[in-house]
Amino acid sequence: MLDKATSPRRRSTVTPRKQGQETLTRERIVKTALALVDERGLEGHSMRDLALALGVDVSTLYYHVPNKAALYELVADAVMEDPELDEPDPDIAPIDRFRRAGHGFRDALLRHPNALPLIIGKPMRSPAQVRPVEHILGIFFDAGFEAAYALLALDSLAAYVLGCVAGQTGLQSDPTSEEGLEPLALLPAEEFPNTRRMMTEVVGIDLAEYHTRQFEVGLDALARGLFAKE
Numbered sequence: 379m380l381d382k383a384t385s386p387r388r389r390s391t392v393t394p395r396k397q398g399q400e401t402l403t404r405e406r407i408v409k410t411a412l413a414l415v416d417e418r419g420l421e422g423h424s425m426r427d428l429a430l431a432l433g434v435d436v437s438t439l440y441y442h443v444p445n446k447a448a449l450y451e452l453v454a455d456a457v458m459e460d461p462e463l464d465e466p467d468p469d470i471a472p473i474d475r476f477r478r479a480g481h482g483f484r485d486a487l488l489r490h491p492n493a494l495p496l497i498i499g500k501p502m503r504s505p506a507q508v509r510p511v512e513h514i515l516g517i518f519f520d521a522g523f524e525a526a527y528a529l530l531a532l533d534s535l536a537a538y539v540l541g542c543v544a545g546q547t548g549l550q551s552d553p554t555s556e557e558g559l560e561p562l563a564l565l566p567a568e569e570f571p572n573t574r575r576m577m578t579e580v581v582g583i584d585l586a587e588y589h590t591r592q593f594e595v596g597l598d599a600l601a602r603g604l605f606a607k608e
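End of the sequence shown = 608 in the working numbering, gap-free, step of one.
1. Hey, how far is the Cα of Met458 from the Cα of Glu569?
2. What's the gap between the Cα of Pro491 and the Cα of Thr547?
3. First and last residue of the alpha helix (DSSP H) that includes His513?
4. For Arg477, which residues from the same chain have a beta carbon less than 8 Å from its beta carbon, with the 5 sequence-adjacent residues on both sides left out?
5. How is the alpha helix (DSSP H) around His481 delimited, first residue to last?
6. For my contact list, Val508 and Ala456 are in at a C-beta cut-off of 8 Å; report their separation, rounded to the angstrom.
7. Based on Cα-Cα distance, which residue from Ala567, Ala544 and Asp464 lies nearest to His513?
8. Starting from Lys409 and walking both ways along the alpha helix (DSSP H), at which residues does that stretch end?
9. Three or more beta-carbon pairs under 8 Å between the region 448-455 and the region 484-501, yes or no?
10. Identify whether Pro466 lies in helix, strand or coil by the three-state DSSP scheme.
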């Protein structure tokens, strides 16, 4: 029989926190995970990489988040908490508040384009994800929209913003560069005169400015159409 002095000790599987190391919290885990997604995309993100970035053993993460799917829900929360939403102001017309909300939503998604698949087509369940929805619905109800029309307007805004951001961030090259327009240059001018005209007049435009302007034009058209009901 082994006494206490000679009995083998079980090795701990928990990595001890180094002196001066920041305490591991769910908030810190999510913040670091979002930073890794921003840097590498969802395909290049793993729980092991996250643990390495945090300086902890991977098993330690599961004390705070049960699995990768739960972590991604929290990352989506962080993205949806990012839009800068104005407080309701009776001196600002609902249509102008709607435009500001659209810009805020777009800006937040553009700060984290690699996280877009966590938002598109996914049901919004958590308070963090529903909070922007609550804000925008408030704008619609202040404008006198009925609930069914407010839902239609909300879905129209979401589809427009998500579509614009997905289109902008999904580009692999500048479509207005000479290289990007080269396939159009091969089209016969007599059959595609309008396309050829467009090609020659837009080549070399500032793509970032173009996307911003395109979004503003579309958002304004959407706003005017939705609020024309009133």
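We put the CB at the ideal spot given by N, CA and C, even for glycine.
Answer, in terms of the structure:
1. Start at 1 with the first residue of the sequence shown, and residue 458 comes out as number 80. Start at 1 with the first residue of the sequence shown, and residue 569 comes out as number 191. Their backbone Cα atoms lie some 46 Å apart in a straight line.
2. Here residue 491 refers to the residue found at position 113 of the sequence shown. Here residue 547 refers to the residue found at position 169 of the sequence shown. Cα to Cα, the separation comes out at about 6 Å.
3. Within the sequence shown, numbered from 1, the residue matching residue 513 stands at position 135. Start and end: Pro505 to Asp520.
4. Along the sequence shown, one-based indexing puts residue 477 at 99. Excluding residues within five positions, the ones whose Cβ falls inside 8 Å are Leu597, Asp598 and Ala601.
5. Here residue 481 is taken as the residue at index 103 of the sequence shown, counted from 1. Start and end: Pro472 to Arg489.
6. Locating residue 508 in the sequence shown gives position 130, counting from the first residue. Locating residue 456 in the sequence shown gives position 78, counting from the first residue. 14 Å between Cβ atoms; not a contact.
7. Stepping through the sequence shown from its first residue, residue 513 is reached at position 135. Answer by Cα proximity: Asp464.
8. The residue given as residue 409 occupies position 31 in the sequence shown. First-last of the alpha helix (DSSP H) with Lys409: Arg404 to Arg418.
9. yes
10. Looking up residue 466 in the sequence shown gives position 88. In this structure, Pro466 counts as coil in the three-state DSSP scheme.
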